[in-house]
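Asks: Just passing along the structure, written as structure tokens.
In this note's numbering, the protein residues as written are 2 to 91.
In structure tokens:
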């Protein structure tokens, strides 16, 4: 039969381990939050330096350069008796 005192001690040890784990995770979470704040500040500074965040920029949205391409037309180079023709694309 299991001694109740041993069972109580083992449960206390498990609880102590879990509490230590919770404390460690909370410390890691706080350090990650601090690191995230620092990264947000650095990101904002970079955007400001590059002019991506400024309201006096030329365009509100990113400018996409568009070029009109000429229509591709084919012309017949040579006819054949079998009904096929050799075409060439310009």
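For every residue, glycine included, the Cβ atom is placed at its ideal position computed from N, Cα and C.
I need the DSSP call for residue 76, collapsed to helix, strand or coil.
Replies: As a first step, residue 76 must be located in the chain shown, where it is residue number 75. Note: residue 76 maps to strand in three-state DSSP.
Asks: How far does the alpha helix (DSSP H) with residue 48 in it reach, from first residue to last?
Replies: By 1-based counting over the chain shown, the position of residue 48 is 47. Counting along the chain, the alpha helix (DSSP H) containing residue 48 begins and ends at 5-51.
Asks: Determine the direct distance from the alpha carbon of residue 39 to that of residue 32, and round the result to whole angstroms.
Replies: The count along the chain shown starts at 1 and reaches residue 32 at position 31. The count along the chain shown starts at 1 and reaches residue 39 at position 38. Each residue's Cα considered, the two are about 11 Å apart.
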